[in-house]
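S.K.: These protein sequence lines are chains A, B, C and D, in that order.
For the first sequence, our numbering gives the first residue as 1, with consecutive numbering after it.
For the second sequence, our numbering gives the first residue as 1001, with consecutive numbering after it.
For the third sequence, our numbering gives the first residue as 2001, with consecutive numbering after it.
For the fourth sequence, our numbering gives the first residue as 3001, with consecutive numbering after it.
4 protein chains.
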Amino acid sequence: MKVKVGINGYGTIGKRVAHAVSKQDDMELVGVTKTKPDFGAYRAKELGIPVYAASPDFLTRFKKVGFEVAGTLEDLLEKVDVIVDATPGGMGAKNKELYEAHGVKAVFEGGEKASLVQASFVAQANYEAALGKDYVRVVSCNTTGLTRTLSAIQEYINYVYAVMIRRAADPDDIKRGPINAIQPSVKVPSHHGPDVQTILPINIETTAFVVPTTLMHVHSVMVELKKPLAREDVIDIFENTTRVLLFEEGRGFSSTAQLIEFARDLHREWNNLYEIAVWKESINVKGNRLFYIQAVHQESDVVPENIDAIRAMFELADKWESIKKTNRSLGILK
Amino acid sequence: MKVKVGINGYGTIGKRVAHAVSKQDDMELVGVTKTKPDFGAYRAKELGIPVYAASPDFLTRFKKVGFEVAGTLEDLLEKVDVIVDATPGGMGAKNKELYEAHGVKAVFEGGEKASLVQASFVAQANYEAALGKDYVRVVSCNTTGLTRTLSAIQEYINYVYAVMIRRAADPDDIKRGPINAIQPSVKVPSHHGPDVQTILPINIETTAFVVPTTLMHVHSVMVELKKPLAREDVIDIFENTTRVLLFEEGRGFSSTAQLIEFARDLHREWNNLYEIAVWKESINVKGNRLFYIQAVHQESDVVPENIDAIRAMFELADKWESIKKTNRSLGILK
Amino acid sequence: MKVKVGINGYGTIGKRVAHAVSKQDDMELVGVTKTKPDFGAYRAKELGIPVYAASPDFLTRFKKVGFEVAGTLEDLLEKVDVIVDATPGGMGAKNKELYEAHGVKAVFEGGEKASLVQASFVAQANYEAALGKDYVRVVSCNTTGLTRTLSAIQEYINYVYAVMIRRAADPDDIKRGPINAIQPSVKVPSHHGPDVQTILPINIETTAFVVPTTLMHVHSVMVELKKPLAREDVIDIFENTTRVLLFEEGRGFSSTAQLIEFARDLHREWNNLYEIAVWKESINVKGNRLFYIQAVHQESDVVPENIDAIRAMFELADKWESIKKTNRSLGILK
Amino acid sequence: MKVKVGINGYGTIGKRVAHAVSKQDDMELVGVTKTKPDFGAYRAKELGIPVYAASPDFLTRFKKVGFEVAGTLEDLLEKVDVIVDATPGGMGAKNKELYEAHGVKAVFEGGEKASLVQASFVAQANYEAALGKDYVRVVSCNTTGLTRTLSAIQEYINYVYAVMIRRAADPDDIKRGPINAIQPSVKVPSHHGPDVQTILPINIETTAFVVPTTLMHVHSVMVELKKPLAREDVIDIFENTTRVLLFEEGRGFSSTAQLIEFARDLHREWNNLYEIAVWKESINVKGNRLFYIQAVHQESDVVPENIDAIRAMFELADKWESIKKTNRSLGILK
């Protein structure tokens, strides 16, 4: 029997999770919601995915252009076991009551607060925390990125300081700037450190900056080590860490642009780079400090986490069985 | 018997043409050349494509990192019937002698001069011109884009004035600017008009500007009509023109970013948008002037032309048979 | 006796007009309004300019940080002969009633409709239209730019087609995108043509595009001539046209960035380039068509127009007396 | 008697230093060199500054357009006591021999190696080191920025880790990208730490990234304290540190764009922001770690250092006398 999955919000994350769900043999994609009949809605229909209005308020928008919807969010909730809430940050909190009323489990995304759910989640770090739970939060792209690499070296960590250089807007978001400026989060440390701590019990502080690019976030990570660790050990650990890939500037990976080109060369759907990209040359240990630089594809790195979260919530598989299954289905390299 | 194809220059255009060749049942991809062992070279090897050094001078680069090449360009030329020269603009002219010496036909790209070849080429406009020829030039992305739509309304054209707003660099090219400026080609009219005239005998003038974006070129086209043509007629004509698609702002296509998102949603390899994108709402006729706005995906619109050019040069198919075959193999929508 | 001037909205345009007013011997800057106590408000105070709250609603914002205001907009209106409404587009229409109630004349900016006022205005084109008027609209930066050069060659114009490549945001506006896309105005022709016609009775159509830059707009202008005009004549005319400057790519002016650098080199306040910049090499006549490319500094080109509009409204000077006075006071080169 | 100063390279830095020299009562600007007669050269001439060809090789360029030069670099060297070498990075090393041959002192910029000179220099940190010296290097904009704030808290520093988010190109440099990517320096730590150590004997490591903006660099600084220091103390120290200014996000300084707007509002020449801008809200102490974020105007922060370096080399004034004199002449706020 397959878990019936609905997606509330068929946008950047929602459409990718929908696609990933459709690749799983233990899940069934029941439908998705849209707020308006844009080309994303037409694409869903072309793919044979039932489209629901995200709210009855939006029905007239669809009617006006003759786009037939399968019902509204509440109709979809009647048909699913779990809803993935991929609505804009903060809306999930408002939607939760509705999910509870319909008795469906819910996966929330990183724009929601940790206090909304029973567990915050990054599969390779704390899969078990989501086992059997009803409300789970897949943490943000940045937090997922930090957690993936830091959990791999957790036992060596005394303290982490990470600087996040964030892309200002997603590629298809033309409303947001800045066009030509660097914008710091002046609240230092930023909220990203505490967010990592909802998963990993480590001492971490972060600062964050927004810059005019759409492709990926980049993190400059510095770790104070509590015990010796050589550069080669770190390389070895990361090479054996799932959903983390090493890239060499020597092979032409000199910026986030070439990382995305790599995903394009693989013919990955939407050039998804599910894996966290660590520049191999950047890994360095000086005294008791480890440095490395990583890049995070904000559109896709959390997609496999959503799949694994569902599996954990329905206890469909144990941690590594789920991770491997998800990886295989999405073409994740390791 | 399949035509044996080699690609000289496995970059933005070369890798896409190689992929397209591999999808044809009447062609065989024999090998590609690279100047250095970057991730593109490794990707080719992963795909099982033999990699040749673009020149003996580059052999040491490959040897240094232990990348085994299948030989050099001259070795590749011994094995192919036709070479697609996807080297940087102007280098094709230098390479031609070598191709002649090896007795292979050659397809050149838009960076070369029309005088280098026997025919400049856009399949739907002048397929026949390339029949049986040895040296054919697929014109530039911009010229191809103009030719596709203008050839469809050619009989109505008295004069064309097109303004080209050009992307400054391809997505993986991080060396070129400008970061924050608009750069005109102050030579007015620009060279694009005469280049269209190598294919279409129309009266056309153009101006060109470079702007800080990587996604697509955009053309603002104004046509002085020699006989009446209604807005609806133009829509009808473009809807029936191969490799031209109409997009509606009303469905969310408000910039080049959403056009690329459309190609990503289709899971097109490298988000290729082989088709010229015309904004439906922009098509307008005022008096004897027709206006429309179109966008050109500089990385991919010429790819099908390369395939058709090869077919014409070897007389493998007639015009529409070739175009349909190419379209079907690449998932071109119409 | 000096005309008492108030500025409603001390932002990009407002602060420049305030500065320009302070340079005139026949005007007195009485005060400016702000909606909040940001660094612009502190700067005004430092300069000794009385700051008024743009509305009583905003008073608490100022009180909270201990910023003393001189009153509210209505207090300012009691003290002035004319108010320059430099509020965001469309707000002027709402403010007009208030100005009427206080019996003050008002200059509006290009974000307002022509129907709001008695005359739309570009000094060198129709100074007389504003003589003695109470409500005058200085047209937008783009319309001003087109009008300056087109009015100089008006007698030769049969038809104008201009393509406007617009900067997406002002340099200090970090909220607006796009970061990496070209966004057309799909309504073709765009509203800019009719706006020029509020000043000049010429046949003109335009299309418009937004691109990711903050510095200047660029216009590609094509004019169908009604009588012969040689390239040299156009150069000669523009060289003798006030508030129009010719720039040569040959001297390094290859983009809008160098035009701004020119203004910086002059130590112009805010690098204002009040003059419309025409690329000399771009001026060309082919048959009965004239082409040229010009750039418009959206932050400042309308500033002298505001000053001249005030002079006309109070009949302080005739056209050329006013223009010369304004030019001299602002360091406009010719 | 005034020190006679020449500037070799009248570009971004050179023209600003020339302007600054012209404001000093103990210096005389003798001339500047240019490699070609671009608008910068014409501007110098307009300002009455003698222009010399940077090399005899360039004389024909000037002759061709009828631009009269006052001679070549060697002629200029005959007339000056000191030359400021503002040529592109690495060229200074080649020029030094010529300066020695002519017996003139030389100030080099941050693109040169520390080993080229007798002292690397940031006025407030080590003015005395340059006293009477012949060859002094004003360190790079980034190093100057770090040194200004770190020297003020030097006694509290146990260790510094700074992440540099660098502007990719200067505003008038349209050749360099990236347009839409983040580019790390994968050599970690980067060279900036050791460069600070040429001035300050502190333990410092850095990483660096290039992002698509032209306005300013931004530094995320983390300091491990060797003795307690409260947030308020740091604010107090920075408020009393010359050439460092605190900016509040609460007043609208939310990005580098508003910092530049601040300089424009001051009508600073070229919107120079000679002072290092520290975001007040970003200053924070957590345990034994101090955090702060600062921005550096790469075009101008080193300009006052060049002036002070000359004064030290000729022993015209002691440290604070020189700093105050320079500050006053350039309108530096404190």
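Beta carbons are placed, not taken as given, at the ideal position from N, Cα and C, and that holds for glycine.
All figures in this text were calculated on a predicted structure; none of them were measured in a lab.
#1: Under 9 Å between C-beta atoms, does residue 1279 of chain B make it to chain C?
#2: Pick out whichever of D/3296, D/3330, D/3090, D/3027 has its Cα sitting closest to the Cα of residue 3213 of chain D.
#3: Buried or exposed: which applies to residue 2236 of chain C, given that a residue is buried once 16 or more other Cβ atoms fall within 10 Å of its Cβ?
#4: Based on the DSSP output, what are the partners of residue 3344 of chain D in its beta bridges?
#5: Is the Cβ of residue 1088 of chain B closer than 9 Å to any Cβ of chain D?
#6: Please confirm if residue 1205 of chain B has its CB atom under 9 Å from at least one CB of chain C.
#7: Check residue 3167 of chain D in the structure and name its three-state DSSP category.
#8: Quick one, which of C/2102, C/2046, C/2197 has its alpha-carbon nearest residue 2075 of chain C's?
#9: If contact is defined by three or more beta carbon pairs under 8 Å, each pair taking one atom from either stretch, is the segment 128-135 of chain A in contact with the segment 153-171 of chain A?
#10: Per DSSP, what kind of secondary structure is residue 3018 of chain D in: helix, strand or coil?
#11: Is it buried or exposed for residue 25 of chain A, if we count other Cβ within 10 angstroms and need 16 for buried?
#12: Whole beta strand (DSSP E) runs in the segment 3049-3097 of chain D with 3 or more residues, listed along the chain?
#13: Please report the Cβ distance between residue 3144 of chain D and residue 3122 of chain D, rounded to the nearest whole angstrom; I am assuming they are in contact, meaning their Cβ atoms lie under 8 Å.
#14: On the three-state DSSP scale, how would you describe residue 262 of chain A?
#15: Quick one: what's residue 1282 of chain B bridged to in DSSP?
#16: Are the C-beta of residue 2200 of chain C and some C-beta of chain B separated by less than 9 Å?
#17: Strictly by DSSP, which residues pair up with residue 2219 of chain C?
#18: With DSSP as the reference, label residue 2042 of chain C as helix, strand or coil.
#19: Does the beta carbon of residue 2144 of chain C come closer than 9 Å to any beta carbon on chain B?
#20: Could you say which of B/1079, B/1109, B/1063 lies nearest to residue 1301 of chain B if we only look at CA atoms?
#21: Under the three-state reduction of DSSP, which class applies to residue 3253 of chain D: helix, strand or coil?
#22: Kindly list, in the order they appear in chain C, the residues whose Cβ is closer than 7 Å to that of residue 168 of chain A.
#23: Looking only at its own chain, which residues have a Cβ that is under 7 Å from the Cβ of residue 2104 of chain C, when we skip the five neighbours before and after it?
#24: According to the Cβ coordinates, are residue 2016 of chain C and residue 2272 of chain C closer than 9 Å?
#25: I'd like the span of the beta strand (DSSP E) that includes residue 2120 of chain C, first residue to last.
#26: At the 9 Å Cβ level, is residue 2335 of chain C part of the contact set with chain A, yes or no?
#27: Here's the rule I'm using: 16 or more other beta-carbon atoms within 10 Å means buried, otherwise exposed. How should residue 3056 of chain D be labelled?
#28: Mind checking if residue 2189 of chain C is an interface residue toward chain B, Cβ cutoff 9 Å exclusive?
#29: Relative to the alpha-carbon of residue 3088 of chain D, which residue among D/3240, D/3014, D/3027, D/3142 has its alpha-carbon at the smallest distance?
#30: Report the neighbours of residue 291 of chain A on chain D: residues whose CB is nearer than 8 Å to its CB, in chain order.
#31: What is the residue span of the alpha helix (DSSP H) that residue 1150 of chain B lies within?
#32: Quick one: Cα of residue 3011 of chain D to Cα of residue 3040 of chain D, how far?
#33: Taking the alpha-carbon of residue 2257 of chain C as reference, which of C/2203, C/2171, C/2314 has the nearest alpha-carbon?
#34: Where residue 3019 of chain D and residue 3254 of chain D are concerned, what is the direct C-alpha to C-alpha distance, given to the nearest angstrom?
#35: With 16 other CB atoms within 10 Å as the buried threshold, where does residue 6 of chain A fall?
#36: Looking at the C-beta of residue 2176 of chain C, does it have a partner C-beta in chain A at a distance below 9 Å?
M.R.: Taking the definition as stated:
#1: yes
#2: D/3296
#3: exposed
#4: Residue 3344 of chain D falls outside the range modelled here, since chain D spans only 3001 to 3334, and no answer is possible.
#5: no
#6: yes
#7: strand
#8: C/2102
#9: no
#10: helix
#11: exposed
#12: 3051-3053, 3082-3085
#13: 5 Å
#14: helix
#15: Its beta-bridge partners do not exist; DSSP assigns none.
#16: no
#17: C/2164, C/2294
#18: helix
#19: no
#20: B/1109
#21: coil
#22: 2179
#23: 2077, 2080, 2081, 2082, 2083
#24: yes
#25: 2119-2121
#26: There is simply no residue 2335 of chain C to check, as chain C begins at 2001 and stops at 2334 in what is shown.
#27: exposed
#28: yes
#29: D/3014
#30: 3188, 3189, 3205, 3207
#31: 1141-1152
#32: 8 Å
#33: C/2171
#34: 30 Å
#35: buried
#36: yes
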